[in-house]
Each structure stands twice: as C-alpha cells, then as structure tokens.
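Chemist: In my numbering, the protein residues as written are 2 to 97. I have a structure I would like to understand better, so I am pasting it below and will then ask my questions one at a time.
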C-alpha cells in the first residue's frame, strides 16, 4: 500500500517579524500586552506532506538571517524570510 500523504497547499500565509498580543488574549487581563520577535522558522519544500525537503532559518544576534539546508548554511535577506512558506514559526518574548 502506497502512502500518499496530504497535499502541501501553496497558499501564502503572511506573518510578522514582531507579533503583539493584546491584553484580551492573555490569561491575566491585568497584564500588559506582550511582544514577540520571530527568531526562527522551518519551511517545507515539496508537493506532499509525507515527502519533500525541510530547511530552517534562524535570526542571529548580529541582525543577519541564516538558512540551514542540510550541510550548507547561507545568509538570506529578511524579505526572503517573509516570503517563504513557513511550516513552523518560533517566536521569543521581547523583554526590551
């Protein structure tokens, strides 16, 4: 029996570099809103969820984004990050 897998839809989902959560979304309404910065993401490349290829992008402290693709690591622009088809986003709370 061949595993077919679900299709990988190529619909662009926009996401911000900075995410703000208002007080109404937090457990304690007395808490001020929180801000989160995008620090890394995983992208799936391929037509089906069961096969294809994954890459990871990570934000470095020097302000540069890096793409990890198997054995290669290359610098990429912020605009490239924002145009990719993100599979998983990782955000970190901004404490500044």
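Ideal Cβ placement from N, Cα and C applies to all residues, glycine included.
1. Kindly indicate which three-state DSSP category residue 84 falls into: helix, strand or coil?
2. Could you tell me the alpha carbon to alpha carbon distance between residue 42 and residue 28, rounded to whole angstroms?
3. I need the straight-line Cα distance from residue 1 to residue 79, nearest angstrom please.
4. Just verifying my parser: in three-state terms, what is the DSSP assignment at residue 68?
5. Could you give the first and the last residue of the continuous beta strand (DSSP E) run that contains residue 28?
6. Give the secondary structure of residue 79 by DSSP, where H, G and I count as helix, E and B as strand, and everything else as coil.
7. Alpha carbon to alpha carbon, how far is residue 21 from residue 70? Give it in angstroms, no decimals.
8. Note down, in chain order, each residue of its chain lying with its Cβ closer than 8 Å to the Cβ of residue 92, except the 5 sequence neighbours on either side.
9. Determine the extent of the beta strand (DSSP E) in which residue 53 is found, giving its start and end residues.
Modeler: In this structure, then:
1. helix
2. 26 Å
3. Missing from the structure shown is residue 1; the chain here goes from 2 to 97 and no further.
4. strand
5. Segment: none, residue 28 is in no beta strand (DSSP E) and carries neither H nor E.
6. helix
7. 30 Å
8. 20, 37, 38, 39, 40
9. Under the DSSP assignment, residue 53 falls outside any beta strand (DSSP E); it carries neither an H nor an E label.
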